[in-house]
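Colleague: Handing you a structure now.
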Amino acid sequence: MQKQSSFKGNSENGTLYLVPTPIGNLQDMTYRGVETLRTVQLIASEDTRNTQKLLNHFEIKTPQKSLHEHNFKERVPELIHLLQQGVSVAQVSDAGMPSISDPGHELVVACIAAAIPVVALPGPTAGLTALIASGLTPQPNYFYGFLPRKKSEQRNVLTALKNETATLIFYESPYRLKQTIMNLAEVFGSRQAVVCRELTKVHEEYLRGTLEELATYLTENTVKGECCLLVAGFNKSDDATKAAIERPALTFKEQVESLIESGMKPNAAIKVVAQNNQVKKQIVYKDYHEINESVE
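So, in structure tokens, the structure goes:
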């Protein structure tokens, strides 16, 4: 077990600050985020060129080091060494929260292992920002991020998520959006979904409809900017109602016979049917054996 007192510790180590950056509108940067970037000794950036634009806007002079998926194995030990020497570091991604579909998790894990304080600042994140304006059920929600690019791998993931009842949150490139929605429609069937693009920017747009309607729209129209795709979760009651409409109800006797035909013993089948229908076992037993109680 490890206990971290973020602001009351006497550690000689520096602190790793996880600083969210705007996902579009620079005015979404918090006062605390700006002040943190100014006061730390170093900023670990996913892309130093992109972060420099943000630093210039807020007149921040703090030096940077890159930290991304291609150099983290070499860079993380360097940053841990600096933190152990008392240097405080702010980590930022290109947009939004570090570690959420962005680099950063490896540094956090390494800091925790070395008993270096990790402090997260609240701020912009595309998935939840889009969710609360989508009109879909906001909670529970299931954040997945980017789906696999290969169709077969993507369908395997979607099949595993098919019965998830929480609202699903995905990130997707505009170049793959139409195909992804078509795959979703094939695996999930007809469900409500929302595409949000250019979030917080002047061309912010929400597209709401069924998966089939969105697929048709994207066949005739192109979208630009990285997109957030939200899909309604699996509705058990709707599925049960649909099944009841499509399939005539079986009697207890017919249900027992079906299980017996599949290899189950009669007594076991009677017990299962009783449990499935939430009735007493004796009722199913009498129906199966066609026992009619005599009336005196």
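In full-length UniProt numbering, the protein residues as written are 1 to 296. C-beta: ideal position from N, C-alpha, C; glycine also.
(1) Quick check: Gly104 and Asn13, are their CB atoms within less than 8 Å of each other?
(2) Taking just the CA atoms, how far does Leu26 sit from Tyr217?
(3) What does Tyr142 pair with, by DSSP beta-bridge criteria?
(4) Taking only runs of the alpha helix (DSSP H) that begin and end inside the region 196–240, which ones reach a length of at least 4 residues, in chain order?
(5) Have a look at Asn163, Ile291, Arg149, His289 and flag the residue whose alpha-carbon is nearest the alpha-carbon of Ala232.
(6) Counting C-beta neighbours from all protein chains within 10 Å, is the total for Ser190 16 or more, i.e. buried, or is it exposed?
(7) Quick one: what does DSSP say Ala115 is sitting in, helix, strand or coil?
(8) Among residues of its own chain, excluding the 5 on either side of Ala268, which ones have a beta-carbon nearer than 7 Å to its beta-carbon?
(9) Would Val89 pass as a contact of Leu16 if the rule is Cβ separation under 8 Å?
(10) Taking 8 Å as the cut-off, does the region 207–222 touch the region 106–114 (at least 3 CB pairs, one atom from each stretch)?
(11) Between which two residues does the beta strand (DSSP E) carrying Val92 extend?
(12) For Leu121, name the three-state secondary structure that DSSP assigns.
(13) Please report how far the alpha carbon of Ala95 lies from the alpha carbon of Val256, in whole angstroms.
(14) Report yes or no: do the region 148–160 and the region 127–136 share at least 3 C-beta pairs separated by less than 8 Å?
(15) Can you tell me where the beta strand (DSSP E) with Tyr175 in it begins and where it stops?
(16) Work out the CA separation of Ile116 and Arg32 for me, nearest whole Å.
(17) Write down the C-beta distance between Leu214 and Ile181 rounded to the nearest angstrom, noting that I regard them as a contact closer than 8 Å.
(18) With a Cβ-Cβ cutoff of 8 Å, do Val34 and Thr62 count as a contact?
(19) Near Ile260, which residues of its chain fall below 7 Å by C-beta distance, leaving aside the five closest residues on each side in sequence?
(20) Pick helix, strand or coil for Met1, following the three-state DSSP scheme.
(21) Start and end of the beta strand (DSSP E) containing Lys151?
(22) What is the DSSP secondary structure of Ile80, reduced to helix, strand or coil?
(23) Over the uninterrupted alpha helix (DSSP H) stretch that includes Lys281, give me the two end residues.
(24) Less than 7 Å between C-beta atoms, sequence neighbours within five positions excluded: which residues of the same chain meet that for His57?
(25) I think residue 298 touches Phe143, with their Cβ atoms under 8 Å apart; what is that distance to the nearest whole Å?
(26) By Cβ distance below 7 Å, which residues in the same chain neighbour Cys227 in space, the five residues on each side in sequence not counted?
Modeller: In short:
(1) no
(2) 31 Å
(3) Leu168
(4) 211–220
(5) Asn163
(6) exposed
(7) coil
(8) none
(9) yes
(10) no
(11) 89–92
(12) coil
(13) 58 Å
(14) no
(15) No beta strand (DSSP E) holds Tyr175; DSSP gives it neither H nor E.
(16) 21 Å
(17) 5 Å
(18) no
(19) Pro266, Ala269
(20) coil
(21) From DSSP, Lys151 is part of no beta strand (DSSP E) but of the alpha helix (DSSP H) over 151–161.
(22) helix
(23) 281–288
(24) Leu26
(25) Only positions 1 to 296 of the chain appear in this structure, which leaves residue 298 out of reach.
(26) Glu172, Pro174, Leu177, Val195, Cys196, Arg197
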